[in-house]
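Have a look at the structure below, then the notes.
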Amino acid sequence: MLPIEPVRRIIMNVLLAILGGVFLLLPSVYSSQFIEPTQTTKFIFFSEGIAVVFLLLACYTLYGNKQFSISLSVLDIGLVIVLLYISVNRYYLHPLHGFSQRWLELTGLAICYIVLRRLPVRMYTWLLLAITAGGVLQALSGILQLLSIMDSRNTYFPMTGNFFNPGGYAGYLALVAVVSFGLYLHRNTLQISEGESRRVNRFVAWLMMWLPLTALVGCAIVLPCLRSRSAFLALAAGIGGVWWLYRNRNNHKSAAWPLKRIVMAAVLLAGLGYAFYLLKRHSADGRMLIYQVSATLVQEHPVIGVGMDRFKAYYMDAQAHWFEQQGEAAADAAQLADNTFYAFNEPLQFVVENGGIGFLLLVAVIFFFWRYPSGQSYMPVRATAYGVLLASLCFALFTYSSDNLAMKYIIVFALAILSGTGSKVLVHISLPLDRGRMAVLPVLSLLALLLVYVYGNMINSARKSFAGWGMAQKAYVMEMYRESNRYFEAVYPELCTNGEFLMQYGKSLAMVENYQQALAVLMQARQYQRSSVIETAIGDCEKKAGNYAAAEQSYLKAMNMIPNRFYPLYLLMTLYQENGETTKAMMMARTIKAKKVKVPSKAILEIKGFADNIIKARDQ
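Read in order, the letters of the sequence shown correspond to residues 1 to 620 in the UniProt record's numbering.
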């Protein structure tokens with residue numbers, strides 16, 4: 001029979017190696033077989049890796065251990081309460097809930113948090129090094145894309161790393177830079193090995209010196225090219241926070257700043273803020289529009305919100321209503337409108353989706369965490385975790401990170417570090433496994449296996465669905481619509497509550513002139529996502545069925561959602577013309593002719609030309 005302790009040590013080393021591999025490779029994994037591969041591939045890789053790690057943790061905890069103990073800190077309990085509220089709010093307070101990758105990711109991140117909390121603090125440094133190494137790989141990808149050696153993941157942007165757009169890429173690199181700065185700053189005090197040979201210790205010292213430094217240099221090269229104001233702010237806040245904690249690590253109070261220095265700092269910050277605004281002025285103004293419309297959703301759903309991941313099911317209707325109410329007073333804002341599925345402010349989106357109750361719970365968690373610290377002395381990993389959370393908050397104030405798994409797992413790691421090292425323990429549970437092993441061990445083992453089985457089935461179903469959806473989209477792009485519909489139909493049972501999927505399926509059905517089924521699918525899509533694309537597609541199907549009044553309502557809705565678009569006006573004009581409503585057609589033609597062009601294009605010139613022809617024919 002094998003000795004118990006060596007086996008447990010092997011299990012823990014394998015667990016750490018797999019978890020470190022997940023942290024290292026997650027930002028770089030990519031498979032074109034899935035829909036939206038920069039996001040779904042990361043999700044599947046992370047979920048499968050975490051399931052394996054959780055099983056190993058269960059084996060380590062239950063095998064050869066004399067007792068099973070759990071210590072719950074203030075932060076642990078607070079996060080559990082928030083997670084339970086989000087779950088109840090999603091499934092019981094809002095019965096209409098769609099398929100949500102964000103929800104599946106949240107489940108995986110919760111499992112990841114449990115694993116991280118069970119690890120010894122000494123192992124955290126290895127995982128921080130894995131995050132840094134993953135950042136080096138992504139910085140290298142960005143440099144190769146900048147040199148046109150590697151293709152970008154988005155044809156509209158020259159540099160995105162392994163992300164869908166430069167914003168998410170920049171946010172991830174900002175967090176990596178904060179982690180790297182924390183490691184480099186504490187390179188002489190962090191301990192990651194015990195009782196190792198001199199050669200191993202020399203390698204570890206070399207790694208602690210050069211890996212974070214390489215990551216910092218890579219981020220310094222790539223981040224300026226991405227021109228992300230949110231990432232610059234996050235980087236400054238995160239590194240500044242780590243440095244401030246390091247400077248005051250011996251509990252020495254900083255000298256009070258004189259009034260002159262405070263005024264100079266305020267002027268400098270105001271100047272930098274205005275410079276950031278001018279850097280992408282229209283983008284900043286567009287965010288202000290989104291914030292105003294999102295505020296109306298908070299007013300309409302103040303208590304429990306609209307439900308997790310349901311922002312996209314409500315926002316575009318609210319934007320259309322807002323423009324209808326504002327009228328000509330919102331002419332300038334109308335030029336900034338677009339189809340929007342995120343609030344571009346994570347705290348605001350959290351309130352929209354979870355209401356005042358969710359907000360108060362979150363505030364309570366933060367308050368009690370600060371009110372009941374652990375009392376432990378300064379720790380390098382804790383200072384780095386504070387820097388990561390500060391950077392994440394600054395980034396989240398002006399963009400979205402809830403769909404960026406590469407950022408979320410770093411944030412969850414930071415929370416686990418703070419819970420284990422900086423939050424007071426409130427509950428300690430201990431179950432003996434020696435005398436009562438025959439009774440307790442099977443129950444705990446069964447619970448662990450059941451959790452992994454259920455979660456594994458969910459991930460396997462998502463994997464097949466994303467692969468089938470990816471095949472459907474490829475066939476659609478190649479104009480093989482009947483084949484596309486077969487793929488859509490095959491995965492419909494799993495994705496029948498996903499608004500984006502239903503929109504694409506409905507449009508594909510319309511391309512083979514199956515308008516009745518297309519209309520049914522598109523009407524279903526409306527329940528889970530609102531956009532001008534869905535409205536115009538519904539209008540087209542209603543028009544083909546001869547339901548001109550219903551088609552008009554859909555086109556008008558699309559027009560009000562994004563007033564700067566010409567296409568809904570064109571559809572209305574042709575609808576009126578075909579229906580014999582010449583007066584309305586003429587009014588719409590004159591509206592098109594007088595309309596200000598936001599971005600010149602060949603399509604707009606053709607629409608204006610068509611409107612001109614109608615006006616000329618009427619004048620003759």
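Note that beta-carbon positions come from the ideal geometry of N, C-alpha and C, so glycine has one too. Please read these numbers as outputs of a predicted model, since none were measured by experiment.
**Prompt:** Any idea if S32 is buried or exposed, counting beta-carbon neighbours within 10 angstroms, 16 or more meaning buried?
**Reply:** Exposed is the call here.
**Request:** Compute the distance between the beta-carbons of P600 and A334, then report whether it is under 9 angstroms.
**Result:** no
**Item:** 4-residue-minimum alpha helix (DSSP H) runs that sit fully inside the segment 109-151, ordered along the chain
**Value:** 124-146
**Prompt:** Once you ignore the five residues that flank V53 on each side, which residues in its own chain have a CB closer than 7 angstroms to its CB?
**Reply:** Closer than 7 angstroms at Cβ, skipping near neighbours: L15, I18, L19 and V115.
**Item:** Top-ranked residue by Cα proximity to Y172, from L147, L360 and L137
**Value:** Residue L137 holds the alpha-carbon nearest to the alpha-carbon of Y172 among L147, L360 and L137.
**Item:** Those residues which DSSP pairs with H282 across a bridge
**Value:** None, per the DSSP bridge assignment.
**Prompt:** Apart from the five residues just before and just after R202, which ones in its own chain have a Cβ nearer than 8 angstroms to its Cβ?
**Reply:** none
**Asked** Can you tell me the Cα-Cα spacing of I143 and C225, whole angstroms?
**Response** 10 angstroms
**Asked** Q33 lies in the beta strand (DSSP E); which residues open and close that run?
**Response** Per DSSP, Q33 belongs to no beta strand (DSSP E) and is neither H nor E.
**Message:** Between M379, T583, P347 and G271, which has its C-alpha nearest L397's C-alpha?
**Reply:** Closest in C-alpha terms to L397, from the list M379, T583, P347 and G271, comes P347.
**Message:** Tell me the DSSP secondary structure of Q67 in three-state form.
**Reply:** strand
**Item:** Residues bridged to H428 [DSSP beta-bridge criterion]
**Value:** Its beta-bridge partners are S71.
**H282 versus T160 - alpha carbon distance** = Straight-line Cα distance between these residues: approximately 21 angstroms.
**Message:** In whole angstroms, give me the CA-to-CA distance for I111 and F344.
**Reply:** 27 angstroms
**Request:** Give every residue of the same chain whose Cβ lies closer than 7 angstroms to the Cβ of V176, excluding the five residues on either side of it in the sequence, and list them in chain order.
**Result:** Contacts found: I131, T132, G135, A215 and C219.
**Message:** Just to confirm the assignment, what range does the alpha helix (DSSP H) spanning residue 685 have?
**Reply:** The question about residue 685 has no answer here: the residues shown for the chain are numbered 1 through 620.
**Request:** Could you tell me which residues DSSP puts in a beta bridge with S423?
**Result:** Beta-bridge pairing links S423 to P373.
**Message:** Please report the straight-line C-alpha distance between residue 635 and G307, rounded to a whole angstrom.
**Reply:** Given a span of 1 to 620 for the chain in the structure shown, any question on residue 635 remains unanswerable.
**Asked** Does DSSP classify T107 as helix, strand or coil?
**Response** helix
**Request:** Could you check how far apart the C-beta atoms of M407 and L104 are, in whole angstroms? I think they sit under 8 angstroms.
**Result:** Wrong, their Cβ atoms sit about 17 angstroms apart, outside the cutoff.
**Request:** Determine the burial state of T583: buried for a count of at least 16 other Cβ atoms within 10 Å of its Cβ, exposed for fewer.
**Result:** That one is exposed.
**Message:** Any contact between the segment 460-474 and the segment 32-42? By contact I mean 3 or more CB pairs, one from each, below 8 angstroms.
**Reply:** yes
**Message:** Please classify K312 as buried or exposed, where buried requires at least 16 other C-beta atoms within 10 Å of its C-beta.
**Reply:** Sixteen is the threshold: when 16 or more other Cβ atoms of the shown chains lie within 10 Å of the Cβ of K312, as they do, the residue is buried.
**C-beta contact flag for I607 and F566 at 9 angstroms** = yes
**Item:** I77 to V267 span [Cα, whole Å]
**Value:** Put simply, the backbone Cα of I77 is about 41 angstroms away from that of V267.
**Prompt:** Does DSSP put L362 in a helix, in a strand, or in coil?
**Reply:** helix
**Message:** By alpha-carbon positions, which one of G355, L336, G168 and E300 ends up nearest to S392?
**Reply:** G168
**Prompt:** For V412, which option in S71, E5, Y124 and L84 has the closest C-alpha, if you only look at C-alpha atoms?
**Reply:** Y124
**Request:** Give every residue of the same chain whose Cβ lies closer than 6 angstroms to the Cβ of H94, excluding the five residues on either side of it in the sequence, and list them in chain order.
**Result:** G307
**Message:** Once DSSP output is grouped into helix, strand and coil, what is the label at V512?
**Reply:** coil
**Request:** Out of L128, E500, S228 and F164, state which residue places its alpha-carbon closest to the alpha-carbon of A170.
**Result:** The option with the nearest alpha carbon to A170 is S228.
**Message:** Does the structure place the segment 476-492 close enough to the segment 58-77 that three or more beta carbon pairs sit under 8 angstroms?
**Reply:** no
**Request:** Using the Cα positions of I221 and I366, report the straight-line distance between them to the nearest angstrom.
**Result:** 35 angstroms
**Asked** Is the number of C-beta pairs between the segment 72-86 and the segment 491-504 that are closer than 8 angstroms three or more?
**Response** no
**Prompt:** Where F368 and S230 are concerned, what is the direct C-alpha to C-alpha distance, given to the nearest angstrom?
**Reply:** Those two C-alpha atoms are separated by around 28 angstroms.
**Request:** Find the nearest neighbour of residue 623 within the set M478, V477 and M471, judged by alpha-carbon distance.
**Result:** With the chain represented from 1 up to 620, any question about residue 623 goes unanswered, as that position is not in the structure.
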